[in-house]
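Numbering (this note's numbering), first residue to last: 502 to 726.
Every residue gets a Cβ at the ideal spot worked out from N, C-alpha and C, and that includes glycine.
For clarity, every value in this text was computed on a predicted model and none was experimentally measured.
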Ligand SMILES: Cc1cc2nc3c(=O)[nH]c(=O)nc-3n(C[C@H](O)[C@H](O)[C@H](O)COP(=O)(O)OP(=O)(O)OC[C@H]3O[C@@H](n4cnc5c(N)ncnc54)[C@H](O)[C@@H]3O)c2cc1C
């Protein structure tokens, strides 16, 4: 694959890569087709239980509901202060399209602190959080020069040693870790649920975690009826 200084690779045939933008588009299309109303650009400030109803305080208008499921992952601490969640930022960059890019697939390096993959003929790389643990323990969706430089150096040294490239985009996202790896899928109070703390694996875990959450909600709904 054109790597430099790499002696061994271990193949895992069970791992796959998907286009997360296309995933979100397909998911939106599916749920909207089922009649789910999706509201964006609104912050939830908190919620209050009033008898058997829940009043959700939002930046737009209050919303009343019988059941509430929080899927706010790393941002849940703002709504449930005591929850066992530690926020971890992941910084990412992507190169320009590279002619005859040899790297195909998804790859992990350094205990998983580095992750790279091809996206068509571009190379996407994220990680280096282990070089600045405390700094990356944040909810700020920024990038920093230190980590971005480490990522670029990694590409130059190991991935595309003799190939010229440039970085077209840089961004970050926030992951939710905790004292254990399993997601928190539970009823917090009568008819108030959460499905959070995806441990940086939420794309892979979501189908199962979501099924568990749906089951919890359905059984609680039966009690209301
Ligand atoms: C760099 C990086 C690489 C990753 N790589 C992988 C990978 O290879 N495989 C994998 O499986 N997972 C990966 N993940 C993890 C995966 O992206 C997450 O686990 C997943 O996105 C979690 O989905 P979610 O919907 O639970 O939370 P999020 O995607 O964080 O969505 C939560 C949403 O809630 C909104 N929100 C939060 N608080 C409020 C509020 N008070 N009011 C209104 N809205 C609110 C946020 O704006 C956000 O839209 C990666 C994450 C990062 C950052």
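Burial is judged here by how many other beta carbons sit within 10 angstroms of a residue's own beta carbon; residue 630 has at least 16 and is buried. Around the beta carbon of residue 702, a 10 Å sphere encloses fewer than 16 other beta carbons of the protein chains shown; the residue is thus reported as exposed. When secondary structure is reduced to three states using DSSP, residue 601 falls in the coil class, being assigned neither helix nor strand.
Only buried fits residue 590, as 16 or more other CB atoms lie within 10 angstroms of its CB.
Residue 619 is positioned such that its CB atom lies no closer than 7 Å to that of residue 595.
As far as DSSP is concerned, residue 630 takes part in no beta bridge. For a cut-off of 8 Å, the C-beta gap from residue 565 to residue 556 is around 6 Å, short enough to register as a contact.
By alpha-carbon distance to residue 519, the top candidate from 685, 656 and 617 is 617.
For the 7 Å CB-CB criterion, residue 574 and residue 697 form a contact.
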